[in-house]
Amino acid sequence: MKKKMISLLLTVSMVSVLLMGCADAKTTGEQTSEGDQVVSETTETEEVVETASEEGKVLNIYCWNEEFKSRLKDHYPNYEEVDATHGKIGDVSIVWNITPSDDNAYQNNLDNKLMQQADETADNKIDIFLIEADYALKYVDTEYTMSIDELGITEEDLAKQYQYTKDVVTDSNGVLKGVSWQGTPGVIFYNREVATEVFGTDDEAAIQEYVADWDKFVETAGKMKEAGYNMTSSVMDSYRVYSNNVTSKWVVDGKINIDQNIMKWVDDSKKMYDAGETGVHGMWSDDWSKGFYPEGKVFAYFGPAWLINFCMAADVEGSIANQGKWAATKGPQGFFWGGTWICAATGTDNSSLVKDIILQLTTNDDIMMDIVKKDNDFVNNKTVMDQMAQDTTYSSQILGGQNPLAMYCAGVESIDLSNVSSYDSGCNAEFQTAMTNYFEGNATLDEALALFYTAVTEKYPELTY
Numbered sequence: 001m002k003k004k005m006i007s008l009l010l011t012v013s014m015v016s017v018l019l020m021g022c023a024d025a026k027t028t029g030e031q032t033s034e035g036d037q038v039v040s041e042t043t044e045t046e047e048v049v050e051t052a053s054e055e056g057k058v059l060n061i062y063c064w065n066e067e068f069k070s071r072l073k074d075h076y077p078n079y080e081e082v083d084a085t086h087g088k089i090g091d092v093s094i095v096w097n098i099t100p101s102d103d104n105a106y107q108n109n110l111d112n113k114l115m116q117q118a119d120e121t122a123d124n125k126i127d128i129f130l131i132e133a134d135y136a137l138k139y140v141d142t143e144y145t146m147s148i149d150e151l152g153i154t155e156e157d158l159a160k161q162y163q164y165t166k167d168v169v170t171d172s173n174g175v176l177k178g179v180s181w182q183g184t185p186g187v188i189f190y191n192r193e194v195a196t197e198v199f200g201t202d203d204e205a206a207i208q209e210y211v212a213d214w215d216k217f218v219e220t221a222g223k224m225k226e227a228g229y230n231m232t233s234s235v236m237d238s239y240r241v242y243s244n245n246v247t248s249k250w251v252v253d254g255k256i257n258i259d260q261n262i263m264k265w266v267d268d269s270k271k272m273y274d275a276g277e278t279g280v281h282g283m284w285s286d287d288w289s290k291g292f293y294p295e296g297k298v299f300a301y302f303g304p305a306w307l308i309n310f311c312m313a314a315d316v317e318g319s320i321a322n323q324g325k326w327a328a329t330k331g332p333q334g335f336f337w338g339g340t341w342i343c344a345a346t347g348t349d350n351s352s353l354v355k356d357i358i359l360q361l362t363t364n365d366d367i368m369m370d371i372v373k374k375d376n377d378f379v380n381n382k383t384v385m386d387q388m389a390q391d392t393t394y395s396s397q398i399l400g401g402q403n404p405l406a407m408y409c410a411g412v413e414s415i416d417l418s419n420v421s422s423y424d425s426g427c428n429a430e431f432q433t434a435m436t437n438y439f440e441g442n443a444t445l446d447e448a449l450a451l452f453y454t455a456v457t458e459k460y461p462e463l464t465y
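If you count the sequence shown from 1, position 81 lands on 81 in this note's numbering, and the numbers rise without skipping.
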């Protein structure tokens, strides 16, 4: 059984674009309430450290960037940094194994290590590893991840967390296999100056009326074109919003299925591209990021908090973000983008410490509040986020003093992942590639669909269409 499962791990090809060049970006351009770091030096944590000393002496953590390391270093009680790749909690040595995601390197390395897990010495076993939504099922649907229940974490412990963050890491048997400290609901960020020029206002409620659904969004794109602006940088900007709101899975009974909302993206995008209202270049490309600056002539981008806080050149003089001239409104449909989940590896000899790390970083209200204020993360805690949404001292300089948390909170409640599948990453990537040929006039729609079907069945030979 183990060989079959790890074979699946090694043969499923997933693509993850999250954060790309901005994964290790630092927080800039954000005003938050200040104060000393909140550290919950609870008796429980002290007891766990003592218990952990009776377990393994090495805690191996596998991840693809510095994000989780910074959260643990800055917010976990009793964590001590030793050097760039080592830390300490009590008498347990923390070893950071960081492999970038480029060219699937992180997953390849993790797969190889998990394959050796059963035969490794205790000090060399993986204890914690991090995963993203795009390939979560690849790992949670195997025996290499412990259930949260096995760690002694209860449903009551996680009661304040958003349901979608649990759905992402629930296996095919309904067992929860991971926990996240983040929520990543998305909105539409729009250029305040352009909004005022074209509509006479930059008020978020007024602008929402122009983008309240996809038909209004496409209509507004025409108005932007007349004024000399692109509605979005690329058709790829909106793809995730459409794909997050499908009513069926990519694969049904072994057959490839294209949801009607995905096809609406094709129709809307083709219309907008042909009208010169948006481009077709890839996200994270130089052309895509030109709209971060006034001369880029782009009205809006779709994204979660991390995109505008860390990836839209907020620290670069002359950028729209640096000038505080973006604003946020809900947009046509709710969606999420990204997130990081903590998984306990089967075979860990530090289960008590792993349990406490998860509980402290994902359920401790004080610590999560501090993460919002210090790191500008949208945390996976309804109580904390609802409180922060009403906090008049919390505002975003990037968003011109706006507190966007209330709309994030509203958006996160609408996220529905009932149609997620292990084929999502591969199908989404191949579909966008194939449709680019159609948008640019290099193929008819039928020809582009044929390209898609061919690419997906080569990637997943078990599928038909």
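The C-beta atom is built at its ideal place from N, Cα and C for all residues, glycine as well.
Since the model is a prediction, treat every value here as computed from it, not as a measurement.
Opposite residue i in the DSSP bridges: which residues?
i	result
residue 87	81 and 94
residue 252	255
residue 343	129
residue 58	93
residue 301	189
residue 116	DSSP output for residue 116 lists no bridge partner at all.
residue 230	298
residue 464	255
residue 379	182
residue 402	396
Just mark residue i as buried or exposed, buried being the case when its beta carbon has 16 or more other beta carbons within 10 Å.
i	result
residue 430	buried
residue 29	Bear in mind that a pLDDT of 35 at residue 29, under 50, signals an unreliable position, so the number given afterwards is only what the model happens to contain. Buried: at least 16 other Cβ atoms inside 10 Å.
residue 263	exposed
residue 204	buried
residue 252	exposed
residue 255	exposed
residue 318	exposed
residue 111	buried
residue 464	exposed
residue 172	exposed
residue 434	buried
residue 54	exposed
residue 101	buried
residue 159	exposed
residue 332	buried
residue 260	exposed
residue 314	buried
residue 448	buried
residue 334	buried
residue 412	buried
residue 133	buried
residue 321	buried
residue 86	exposed
residue 35	Confidence at residue 35 is low in this model, with a pLDDT of 36, below 50, so the placement of that residue should be treated as unreliable; the coordinate-derived value is given next. Under this definition residue 35 is an exposed residue.
residue 451	buried
residue 350	buried
Let me check understanding here. Comparing Cα to Cα, which of the options lies closest to residue i?
i	options	result
residue 77	89, 84 and 70	89
residue 174	137, 463 and 94	137
residue 225	216, 297, 248 and 452	297
residue 96	75, 119, 124 and 116	124
residue 330	54, 409 and 82	409
residue 327	412, 365, 404 and 163	404
residue 279	300, 98 and 352	300
residue 424	201, 157 and 244	244
residue 381	60, 156, 332 and 91	156
residue 144	134, 153 and 129	129
residue 479	435, 309, 462 and 444	The question about residue 479 has no answer, for the chain in this structure spans 1 to 465.
residue 196	210, 357 and 442	210
residue 272	83, 439 and 152	439
residue 116	217, 346 and 444	346
residue 473	141, 443 and 321	Outside the shown range of the chain (1 to 465) lies residue 473, about which nothing can therefore be said.
residue 354	379, 325, 342 and 291	342
residue 228	217, 284, 186 and 194	194
residue 258	455, 427 and 442	427
residue 191	184, 199 and 185	199
residue 154	98, 189, 176 and 139	176
*Is there contact between the segment 60–70 and the segment 96–105, where contact requires at least three CB pairs shorter than 8 Å?*
yes
*Would you call the segment 367–379 and the segment 163–170 touching, i.e. three or more CB-CB distances under 8 Å?*
no
*Can you list, in chain order, the stretches of the alpha helix (DSSP H) that have 4 or more residues and sit fully within the segment 122–183?*
136–140 and 163–167
*Can you list, in chain order, the stretches of the beta strand (DSSP E) that have 3 or more residues and sit fully within the segment 262–342?*
298–304 and 326–329
*Answer yes if the segment 264–276 comes into contact with the segment 322–341, meaning at least three C-beta pairs across the two stretches below 8 Å, and no otherwise.*
no
*With a floor of 4 residues, list each alpha helix (DSSP H) that falls wholly inside the segment 409–456, ordered by position along the chain.*
424–439
_Across the segment 232–251 and the segment 272–288, are there enough close Cβ pairs to call them in contact, namely three or more that are closer than 8 Å?_
yes
*With contact counted as at least three CB pairs below 8 Å, one residue from each stretch, are the segment 227–235 and the segment 388–396 in contact?*
These segments do not touch.
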